[in-house]
Amino acid sequence: MNDEKPAIKKLHALSSENRRFTFTLPLRHKIRIGKRSYEVKLKSDEKYGTHILWKNRKYPVEIIRSRQNRYEILFNDISYIFTIETPFSLKRLKVLKQSTGKAETELIKAPMPGKIIDILVREGATVLRGEPLLILEAMKMQNEIHSPVNGHVTRIPAKGGTNVMKDDLLIEIKVE
Amino acid sequence: MKIRRIFIANRGEIAVRIISTARKMNIETVVVRNATEPDALYVSLADIVFDNTEDPADIPVFLNIDRLIDIALETSCDAVHPGYGFLAENAYFAQKCIENNIVFIGPSPDAIYKMGNKTIARELAMKQGIPMAMGSQGNIGNEEEAAAMAKNIGYPVIIKAASGGGGRGMRIVRKPEEMEKMFLIASKEAEKAFNDPSVFIEKYIENPKHIEFQILGDTAGNIVHLGERECSIQRKHQKLLEEAPSSALDDDLRNLMGSMAVRIAAAVGYYSAGTVEFLLDSERNFYFMEMNTRIQVEHPVTEMITGIDLIEQQIRIARGETLAFGQKDVRIQGWSIECRINAEDVQAGFAPDPGKIEKLILPSDSFVRADTGVRSGSSIVSSYDSMIAKLIITGTDRKDAIRKCKLALDRVWIKGVKTTLPFFRMLVRNPKFIDGSFTTAFIEKDLDKYYLNSEYEEMLAAWLATKLFEDENLIGKSPAADNGNNSDMSPWLLNKRINQF
Numbered sequence: 160m161n162d163e164k165p166a167i168k169k170l171h172a173l174s175s176e177n178r179r180f181t182f183t184l185p186l187r188h189k190i191r192i193g194k195r196s197y198e199v200k201l202k203s204d205e206k207y208g209t210h211i212l213w214k215n216r217k218y219p220v221e222i223i224r225s226r227q228n229r230y231e232i233l234f235n236d237i238s239y240i241f242t243i244e245t246p247f248s249l250k251r252l253k254v255l256k257q258s259t260g261k262a263e264t265e266l267i268k269a270p271m272p273g274k275i276i277d278i279l280v281r282e283g284a285t286v287l288r289g290e291p292l293l294i295l296e297a298m299k300m301q302n303e304i305h306s307p308v309n310g311h312v313t314r315i316p317a318k319g320g321t322n323v324m325k326d327d328l329l330i331e332i333k334v335e
Numbered sequence: 286m287k288i289r290r291i292f293i294a295n296r297g298e299i300a301v302r303i304i305s306t307a308r309k310m311n312i313e314t315v316v317v318r319n320a321t322e323p324d325a326l327y328v329s330l331a332d333i334v335f336d337n338t339e340d341p342a343d344i345p346v347f348l349n350i351d352r353l354i355d356i357a358l359e360t361s362c363d364a365v366h367p368g369y370g371f372l373a374e375n376a377y378f379a380q381k382c383i384e385n386n387i388v389f390i391g392p393s394p395d396a397i398y399k400m401g402n403k404t405i406a407r408e409l410a411m412k413q414g415i416p417m418a419m420g421s422q423g424n425i426g427n428e429e430e431a432a433a434m435a436k437n438i439g440y441p442v443i444i445k446a447a448s449g450g451g452g453r454g455m456r457i458v459r460k461p462e463e464m465e466k467m468f469l470i471a472s473k474e475a476e477k478a479f480n481d482p483s484v485f486i487e488k489y490i491e492n493p494k495h496i497e498f499q500i501l502g503d504t505a506g507n508i509v510h511l512g513e514r515e516c517s518i519q520r521k522h523q524k525l526l527e528e529a530p531s532s533a534l535d536d537d538l539r540n541l542m543g544s545m546a547v548r549i550a551a552a553v554g555y556y557s558a559g560t561v562e563f564l565l566d567s568e569r570n571f572y573f574m575e576m577n578t579r580i581q582v583e584h585p586v587t588e589m590i591t592g593i594d595l596i597e598q599q600i601r602i603a604r605g606e607t608l609a610f611g612q613k614d615v616r617i618q619g620w621s622i623e624c625r626i627n628a629e630d631v632q633a634g635f636a637p638d639p640g641k642i643e644k645l646i647l648p649s650d651s652f653v654r655a656d657t658g659v660r661s662g663s664s665i666v667s668s669y670d671s672m673i674a675k676l677i678i679t680g681t682d683r684k685d686a687i688r689k690c691k692l693a694l695d696r697v698w699i700k701g702v703k704t705t706l707p708f709f710r711m712l713v714r715n716p717k718f719i720d721g722s723f724t725t726a727f728i729e730k731d732l733d734k735y736y737l738n739s740e741y742e743e744m745l746a747a748w749l750a751t752k753l754f755e756d757e758n759l760i761g762k763s764p765a766a767d768n769g770n771n772s773d774m775s776p777w778l779l780n781k782r783i784n785q786f
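From first to last, the protein sequence lines stand for chains A and B.
Note that the numbering used here has the first sequence beginning at 160, numbered continuously upward.
Note that the numbering used here has the second sequence beginning at 286, numbered continuously upward.
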């Protein structure tokens with residue numbers, strides 16, 4: 160262990176919807192709910208694979224992706240994305256957020272692999288929430304991808320007639 | 286007519302399903318082994334396997350009529366079962382089988398053709414006095430014609446592919462301004478999916494229930510119906526959950542709709558198993574939609590409440606046997622619900638999530654029937670559908686079936702791919718599903734979240750993420766301080782790491 164750094168006493172897991180879960184270190188295999196605390200066991204065996212045992216029930220878990228402090232976890236067939244912050248990095252994050260203001264960029268990503276049939280907007284165009292942006296063909300179905308926000312189209316990495324993978328960036332919209 | 290050996294021109298769970306009934310009837314089965322999934326479950330269960338892994342053709346063998354006929358002849362099969370999808374509703378395939386003295390386990394090519402062409406089917410239904418939504422008499426040539434027709438019928442209207450099915454080439458148009466765009470999309474989609482761009486228009490019934498009747502007919506002209514299935518839980522016209530019977534029907538309506546289903550089947554001299562689909566509106570008006578001339582994915586719910594093995598009936602009818610029971614002998618008992626467990630990402634708009642199924646454990650309770658074409662180690666490949674298993678739960682009544690459904694859903698264990706399980710866990714707890722008042726608009730309109738998770742589940746996932754972070758960064762095995770460069774760790778590695786705990 161590094162003696163020069165102060166010991167980290169807590170870690171915060173921030174969900175993609177900004178919910179915060181705080182755990183004290185070293186991490187215990189017990190979680191407190193109300194007045195009782197319950198044991199969490201991380202296990203792996205031939206029959207079930209990796210799973211968590213909690214209150215006498217098994218839940219399947221999987222690590223889908225991890226990059227630096229960002230973890231995508233599949234828990235009981237639902238995926239969650241968390242960034243793990245130390246008390247120090249959490250403070251820095253708050254400062255950063257305040258200084259950048261509120262001009263957000265909405266990234267429109269391919270919800271499924273497919274082919275771009277048509278792009279219905281141009282760079283610089285003003286789009287309204289619900290407006291169709293492009294047509295993506297997947298599984299022989301033509302799907303309209305709609306804008307989730309009101310804003311301006313700033314960039315269109317998608318090209319008509321090309322194939323895209325799931326999560327490929329299609330269009331960037333500056334939110335108004 | 287004797288049937289000793291059946292060639293199953295299909296794969297997946299339906300191939301497995303057909304094998305199980307054939308075995309019961311002492312009939313041999315032949316299946317095709319393909320390079321895309323050489324170790325599939327159905328391959329290991331069949332009596333005879335035709336190795337097609339070296340097939341150089343571009344199209345999948347299940348769509349290659351000449352190739353399938355060759356295989357059936359080469360393996361000395363006296364009958365072909367087409368299953369569902371692929372060529373199951375291809376009149377030319379049925380015709381080719383007959384020409385080669387192979388029994389086609391399904392209806393006549395003529396019946397397939399007439400019901401497969403929605404325009405002809407509509408005309409037939411109209412002649413028989415079956416209630417129908419107002420619509421175009423035939424196909425619509427261009428967007429101007431479509432706009433004129435829609436004005437006549439009144440918006441909203443629905444554009445449908447003449448050779449369609451499964452939601453492809455189907456578009457709802459609510460305003461005249463949308464007509465041109467939607468017409469082109471529907472027509473393009475129809476051409477891609479069915480090799481036929483022709484479309485027609487009919488009045489769009491808002492928020493109906495999807496009610497379909499299972500019918501069985503023999504070659505002597507006897508036709509019965511086995512009651513209805515409700516398939517209103519669908520997303521973009523893809524069914525997710527089906528049940529039988531439907532809470533929307535009483536005996537009077539069941540008898541009336543059932544007799545209409547029998548009538549339209551009789552109009553094309555229908556034999557074998559078939560399904561007549563209706564839309565039912567809130568005023569109990571029903572409208573003929575289409576007839577499916579094949580065994581359906583959701584056939585098990587009907588089997589569970591009638592005690593009739595539909596695949597067995599198909600084979601018996603194909604052998605020339607007459608139905609051993611009449612309409613009055615058909616008894617409906619209990620309630621059955623089918624959940625389609627697919628490899629789909631519910632959180633990403635039900636996008637297919639193909640991959641290897643690392644673990645698969647299906648419930649073994651007596652009230653659960655699990656029809657599947659995969660096992661632990663199988664892969665869901667992107668070239669085929671994303672079905673993992675059909676969970677068929679049967680109870681004494683609807684309430685009991687839903688209760689058992691909840692139990693069964695928690696006893697399914699799948700690792701390796703994302704599945705529709707979280708959707709069903711949410712659905713069986715939804716008040717509108719429980720009271721039966723849902724319509725085909727349910728998923729799109731009445732739900733704001735497509736999956737169920739409790740607060741604790743997210744917290745436990747957060748705990749796991751924190752645990753991983755702690756192990757990687759704070760428990761000083763590796764120079765973890767500098768994780769900026771080599772941070773893209775493979776999930777495989779992490780899994781291994783988890784395994785060591």
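Backbone N, C-alpha and C define an ideal beta-carbon position, used for all residues, glycine too.
Is the CB of B/Q632 under 8 angstroms away from at least one CB in chain A? yes
What is the DSSP secondary structure of A/F182, counted as helix, strand or coil? strand
Is the separation between the beta-carbon of B/M310 and that of B/I590 shorter than 8 angstroms? no
Here's the rule I'm using: 16 or more other beta-carbon atoms within 10 Å means buried, otherwise exposed. How should A/G310 be labelled? buried
Would the region 654-674 of chain B and the region 631-643 of chain B be scored as touching if the rule is three or more Cβ pairs under 8 angstroms? yes
Exposed or buried, what is B/I518 when buried is set at 16 or more other beta-carbons lying within 10 Å of its beta-carbon? buried
Nearest-angstrom Cα separation, counted from A/V280 out to B/E282: One cannot answer for residue 282 of chain B here, as it falls past the ends of chain B, which runs 286 to 786.
Integer-rounded CB distance, given that B/F479 should sit under 8 angstroms from B/G449: 6 angstroms
C-beta atoms of A/L292 and A/A269 nearer than 8 angstroms: no
Which residues mark the beginning and the end of the beta strand (DSSP E) in which B/Q598 is found? B/Q598 -> not in any beta strand (DSSP E); alpha helix (DSSP H) instead, spanning 595-603.
Could you check if A/Q301 is buried or exposed, using at least 16 other CB atoms within 10 Å of its CB as the buried criterion? buried
Quick check on B/E515 - is its C-beta less than 8 angstroms from some C-beta in chain A? no
Any idea if B/E623 is buried or exposed, counting beta-carbon neighbours within 10 angstroms, 16 or more meaning buried? buried
Is the region 546-566 of chain B touching the region 484-495 of chain B in the sense that three or more CB pairs, one from each, lie closer than 8 angstroms? yes
Per-residue DSSP class, three states only, for B/M574: strand
Can you say whether A/K250 is buried or exposed, counting buried as having 16 or more other CB atoms within 10 angstroms of its CB? exposed
Out of A/V312, A/E198, A/G273, A/N228, point me to the one whose CA is closest to A/R288's CA. A/V312
Give the DSSP bridge partners of A/H210, in chain order. A/K202, A/P219
Just list the residues that DSSP pairs B/C624 with in beta bridges. B/L526, B/L676
Can you tell me whether B/R654 is helix, strand or coil according to DSSP? strand
Just to confirm, is the Cβ distance from B/D351 to B/I288 under 8 angstroms? no
Exposed unless 16 or more other CB atoms sit within 10 angstroms - verdict on B/D656: buried
Can you name the residues that DSSP bridges to B/Q519? B/K524
Ordered along the chain, which non-local residues of its own chain (more than five positions away) have a Cβ less than 8 angstroms from that of A/R187? none
The beta strand (DSSP E) enclosing B/V365, as first and last residue numbers: 364-366
In the DSSP assignment, what residue or residues form a beta bridge with A/N302? A/L295
Taking 7 angstroms as the cut-off, is the C-beta of B/A674 nearer than that to any heavy atom in the ligand SAH? Within the structure as shown, the ligand SAH is missing, as the structure has no ligands at all.
How would you call A/K253, buried or exposed, if buried means at least 16 neighbouring beta carbons within 10 angstroms? exposed
How many Å lie between B/F754 and B/M744 at the Cα? 15 angstroms
Leaving out the 5 sequence neighbours to the left and right, which residues in its chain are closer than 7 angstroms to B/K781 when beta-carbon positions are compared? The predicted position of B/K781 is uncertain, since its pLDDT is 47 and thus under 50; a value taken from the coordinates is nonetheless stated next. Nothing meets the Cβ criterion.
Which whole-angstrom value describes the C-beta separation of B/K703 and B/E298, a residue pair presumed to lie in contact below a C-beta threshold of 8 angstroms? The pair is not a contact, with the Cβ atoms about 19 angstroms apart (cut-off 8 angstroms).
Using the rule of at least 16 other Cβ atoms within 10 Å of the residue's Cβ for burial, across every protein chain shown, is B/T587 buried or exposed? buried
Might you give, ordered along the chain, the residues of its own chain that have their beta carbon closer than 6 angstroms to the beta carbon of B/L372, omitting 5 neighbours on each side? F378
Cα-Cα separation, A/S306 to B/G634: 15 angstroms
Take the Cβ of A/I192 as the centre, count every other Cβ of all protein chains shown within 10 Å, and call the residue buried at 16 or more, exposed below. exposed
Does chain B have any CB closer than 8 angstroms to the CB of A/L233? yes
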